[in-house]
Each structure stands twice: as C-alpha cells, then as structure tokens.
C-alpha cells in the first residue's frame, strides 16, 4: 500500500439523470465526444492521470496542484464555448472540485479523505464552475491568471472538520497567460490544411503537412500547440476562427491549403491573431515537390518570428532535422501511415509495401522502418507464422539506430520486445516513447495492451482511454476499454464504452463497407449491451465480408461467449487456437469476454494444448 500527496480533481455532469431521461443516446454521445475531444486530452496535457470513470463522473490525479487548476479552468472555458449555441436544457455541463491531500494508492485506484473531500467540493461547485479547498488556493496563489472567491466554511458529509471553500473565477484567456510551468507561453492551433487538389485521395498529403508542422512547433518550449488529435476533430468543419480560439483556449491560429499539380505544389498559409482578427503573416509558396521540407521549415520560422519566440540551440537543431531528403519516399511514408490506420490484414500489407518503398528510396528513413515494424507486428494478429519476431526486432532496431529520439521507433521496439516475451525491456521502450511524445497513438495503444495481457486492467484503462482520445476514428480502443472495465466490475463504464465503440464502428463501416474489423467489433459491443439479435446480425455480416479472418473469428467467439452460447464459442476457438501466437494466447487467457467459458474443461484443454504447441514452434521454428 502506497501513500502520497496528490492534487485530486473530481468532476461530474450537472443534471445527468434529467438529460438521460430526455435523450439517452444523444446524451451519451455528447458526453463521450466531450471526453474524447476535450476532457481526457486536457488531463493528459497537464500531466494528470485519469484514475477512473464513474458513469458521468471522472476522478483524476495530478502531481502538481497548479496543473490541476489550470487544467480545470481550460476544460470549463472550452465547455462554455462548446455550449454557446446549445439550448440551455440540452447542455452537458461539468461541476469540478479540486483538493490537495494525502491519498492511499492500491491497484491504480486512490482512496482516503483527500479523495472524499474533492468529491464533496465538486457537489458545491456551480454548473460550469470549480470549487477548491483552501490548501489548493494557497498553493496556486497568483501563479495563474485566475481569481479565487471565498464562499465560507462548509460542513461536508463524512468530513469531520469544517472546510474553507473557494470558487475559481474564470477570466478570459489573455495574450500573456501564464501556464502551469509559470512561464510566458504562446498558445497556437494549426488547423488541418485544406486539400485543394480536387482529389480526396490526396488528403494523406495535406494531413501529413499539417501533422509535421504541428510536430515542429511542438518542439519549441515557449509554444503550447494544440495536439493533432484535438485539431483534427475540426477537419472539414466550417467554424469561425474566434469561436475556435475560445474553444481551444488559444490566441493564434494557423490555417492553410495544399494543392498538388504534377510535380508542383502550392502551399498557402496565414497566421491570425484571434484577439483582433489581424493577419500577422500570410504567404503562398509555388515550388517543386522537392522543396516541400524547405516550405515547412520556412512556415515554422515565420511563425517563430511573428510571435517573437526565442529558440534554444537544441530547438533550432530539432526543427532543422528533416525525416528524409527524398520527397518521393516521404509521400510513400504518408500513404503508408494513412493506410495503417485501417486495422485489417489487407490494408496493413498495403501499408507495409508503402513503407518498404519509402526505405527503398531512402535507406536511412527511420520513420519508415518503424512503420514496417508496426505493420509486421499487427499482421501477426492474422498470420503469426508469416512474420518472424526477429524481423520486427531488427526493423525497429534499425529505426532506433538511425534516430535514437524517434518516439515511433521506441514504440515499435517496445511492441517487438513484448511479442518476444522481453516484458521489462518492452515497458522501458514504451515509457521512453511516451516521454518523447505523450500523444503518440501507437505508444498508448500498445502499452495498454501490454498491461491488459498482464491482467493490470486499471493501468490498461488509462492508456486505452488516451489512445481513444488521440484518434477519434479508433473503434478498437473503446472495445478494449469495454472488456477492461468488465474485468474491473464497472458495469456503467463498460456500457458507456460499448456505446462509443459501436458508434465509431458504425462510422468506420460506412466508410469502408468491405472491412470486417468494425463489423465484428461492433457485434461484440452489441453483445455487451444485451442486444443479442443485432449482435448476431453484425456477426453474420463480419463473416460474410471475410470468412477467413481469424481476428474476426476470435471476436465472434467472444460474442458467443458473452451471449452464453458456450458450444458455438468453443467451436470457433478450436479452429483458430492452434494458429495463434503465444502473444495472443496470453491475451485470450486474460480476456473477460471469455469468462463464460473460462472454466469449461474443453476450453482449458484447448488453451493448454495451443500454448504448448506455439511455445515449441516459436522456440524451434518448427
């Protein structure tokens, strides 16, 4: 049992029962959207940890009380902007309470009077407001541009002594706002660059340009750049710059467009001061494709110059470093990255070919080697015998040798170690990847799977939640969260994530109706929600799309297990277990979706035999 001093943030939705009574589906969708697009991201940005979700409530822990208050203020400001045009009786509004106190840590959860007091303070807070204890107010002092109003001493339920309570005055963000680190910081958002080529297939390139500019600007310590996962929720949406700035808590917005014609590229960009609407900088570049990296560099330095930011020597070096000198390799890499987000064997194989072409054109392209390793590791879900573990380790090691500070390379190396059974080295690699880039999807997703396979569901929840927030099109993480929360006995959280997973799976299926992935994962969500008829319909659809997909077969075995069809579930597992890797058999052993068949002698015999067989194959190669 561990004890420590922490800042505890407790939040819940005002009038949640009333909202659910009016529109259950709409309320759940809105709440999950606010969590994924705003709340979870801000908690992570301010170095917080989501301890647990309780239906409409959130409990988070921060090591810095200043960060906790700054995070709460940003959430409430952004929610106010989001609710601006929403009818009052339909708004999702949060109350937030923050306390600084001693907590007891056990299995990732936190307990004690410090936690209880934060929960009581949350109930005092006004809708859209923040209530804090005197200890919080004293620690924050004047380090944030926020005011504190004393609202008296309160006797709170199950708290022995009266508590001095303050509310936080949410002043509008100013141009000289101090962030939690107590230094002057410019807050900027880079909107997704518009693809002006008239070909939707060129989106990968404009998205790639946007992401690379975000990455470069994020290397500058005196800039706070809105993360990719947040900004891409605005892609294709017409929104006024001033309102967007209010929602995101930024003063400066960079917007632009990309047009490709043959071997020529036209990139336009403009930097807007949202405080007064002034265009601080605007430029149009008509260049050969070979100049693409020079253009990105010029845009970054133009922003730095306009905002009068002083670059540290290491920041200058980081920005000047190009991922590759070969533009054709770069375009193949961007295509591969886009394709790899569609989690099916055929798309992953195609993505791998794109990455291989990139390294053929540039043998020193570290990111492309990391992409190959990630694809190989994922393809093992379908065909473990086709992808030797040594190849994954070699590819990720090559990426690291070329760029020791590449977060993607550390994440792929961690996955390779994990699949090879070197768990200590895997954990170290994942931690390094997240230290370099906390918003890297692959690092969060694979680290979550790492914890899941060790039966550490509380930790897996933290990283799956982050992964789901980073990629709004990710339907896999919500499905894993559903299973993890089921293992933790958290029924309401299980249902909430099942609904979000189903929503995202439906969207993905509409975009790619030939993809069995969202169909079989949607079937699993429906099974958890108790909709047996629709679960079976979706299961049949998944098999119709791809009858040979062993990942689909496994998830459908889980569907039948959840529905209580023991024989049907085991019949499916009997076919696929002999073809599964040790890595995946370990997953099966911890997956709560199979709890209904866990003690069946037939299942136990199958699992034991499959494990012995695969260990022999992976040890001897035959």
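Numbering (my numbering), first residue to last: 33 to 654. A virtual CB, placed ideally from N, CA and C, is assigned to each residue, including glycine.
- Query: Exposed or buried, which one is residue 377 when buried takes at least 16 other CB atoms within 10 Å?
  - Reply: buried
- Task: Identify every residue that forms a DSSP beta bridge with residue 84.
- Result: 91
- Task: Go ahead and label residue 469 buried or exposed: buried means 16 or more other beta carbons lie within 10 angstroms of its beta carbon, across all protein chains shown.
- Result: buried
- Query: How big is the Cα-Cα spacing for residue 415 and residue 449?
  - Reply: 18 Å
- Message: Just verifying my parser: in three-state terms, what is the DSSP assignment at residue 43?
- Response: Residue 43 falls in the strand class under three-state DSSP.
- Message: Please state whether the Cβ-Cβ distance between residue 402 and residue 431 is less than 8 Å.
- Response: Yes, the pair counts as a contact, with Cβ atoms nearer than the cut-off.
- Check the C-beta distance from residue 328 over to residue 245 and give it rounded, since I have them as a contact under 8 Å. 6 Å
- Query: Between 351, 345, 405, which lies nearest to residue 334 when the distance is taken from Cα to Cα?
  - Reply: 351
- Buried versus exposed call for residue 216 [16 or more other C-beta atoms within 10 Å across all chains shown]: Confidence at residue 216 is low in this model, with a pLDDT of 47, below 50, so the placement of that residue should be treated as unreliable; the coordinate-derived value is given next. When all chains shown are included, residue 216 counts as exposed.
- Rank 63, 423, 135 by C-alpha distance to the C-alpha of residue 94 and give the top, closest one. 135
- Item | Sequence-distant residues of the same chain with beta carbon closer than 7 Å to residue 236, five excluded per side | In its chain, beyond the 5 residues on either side, 366, 367, 370 have a beta carbon closer than 7 Å to the beta carbon of residue 236.
- In the DSSP assignment, find the unbroken alpha helix (DSSP H) run with residue 3 in it and report its ends. What the structure shows of the chain is the stretch from 33 to 654, and residue 3 is not part of that stretch, so it cannot be assessed.
- Please determine if the stretch 149-166 and the stretch 124-138 are in contact, where contact requires at least 3 C-beta pairs separated by less than 8 Å. yes
- Message: Judging by CA-CA distance, which residue of 569, 620, 621, 549 is the nearest neighbour of residue 581?
- Response: 549
- Query: Which class does residue 172 belong to by DSSP, given the choice of helix, strand or coil?
  - Reply: helix
- Which residues in the same chain have their Cβ closer than 6 Å to the Cβ of residue 64, if we skip the five residues on either side of it in sequence? 532
- Measuring CA to CA, which of 493, 319, 436, 284 is closest to residue 86? Relative to the Cα of residue 86, the nearest Cα in the group 493, 319, 436, 284 belongs to 493.
- By DSSP, does residue 635 sit in helix, in strand, or in coil? helix
- Are the beta-carbon atoms of residue 175 and residue 98 separated by less than 8 Å? Yes, they are a contact pair.
- Item | Residue range of the beta strand (DSSP E) that includes residue 302 | 296-305
- Query: Tell me the DSSP bridge mates of residue 133?
  - Reply: 38
- Query: Opposite residue 218 in the DSSP bridges: which residues?
  - Reply: 255
- Message: I'd like the span of the beta strand (DSSP E) that includes residue 570, first residue to last.
- Response: Counting along the chain, residue 570 falls outside any beta strand (DSSP E), though it belongs to the alpha helix (DSSP H) covering 564-577.
- Message: Within 8 Å, do at least three Cβ pairs link the stretch 67-77 to the stretch 179-192?
- Response: no
- For residue 265, which of helix, strand or coil comes out of DSSP? The answer is helix: DSSP assigns residue 265 an H, G or I state.
- Query: Which residues in the same chain as residue 55 place their Cβ atom closer than 8 Å to its Cβ, once the five residues preceding and following it in sequence are excluded?
  - Reply: In chain order, 122 place their CB closer than 8 Å to the CB of residue 55, counting only its own chain and leaving out the 5 sequence neighbours on each side.
- Three-state secondary structure assigned by DSSP to residue 556: helix
- Message: Just to confirm the assignment: which complete alpha helix (DSSP H) runs, minimum length 4, are found wholly within the stretch 119-167?
- Response: Within the stretch 119-167, the complete alpha helix (DSSP H) runs of at least 4 residues fall at 145-156.
- Query: Short check: CB of residue 127 to CB of residue 106, under 8 Å?
  - Reply: no
- Message: Tell me the rounded alpha-carbon separation between residue 476 and residue 516.
- Response: 15 Å
- Between the CA atoms of residue 588 and residue 603 - distance to the nearest angstrom: 11 Å
- Query: Are residue 273 and residue 306 touching if we call contact CB-CB under 8 Å?
  - Reply: yes
- Note down the Cα distance separating residue 255 from residue 222, rounded to an integer number of angstroms. So the alpha carbons of these two residues sit roughly 12 Å apart.
- Message: Mapping the DSSP letters down to three states, classify residue 645 as helix, strand or coil.
- Response: helix
- Expressed to the nearest angstrom, what Euclidean distance is found between the alpha-carbon atoms of residue 400 and residue 259? 22 Å
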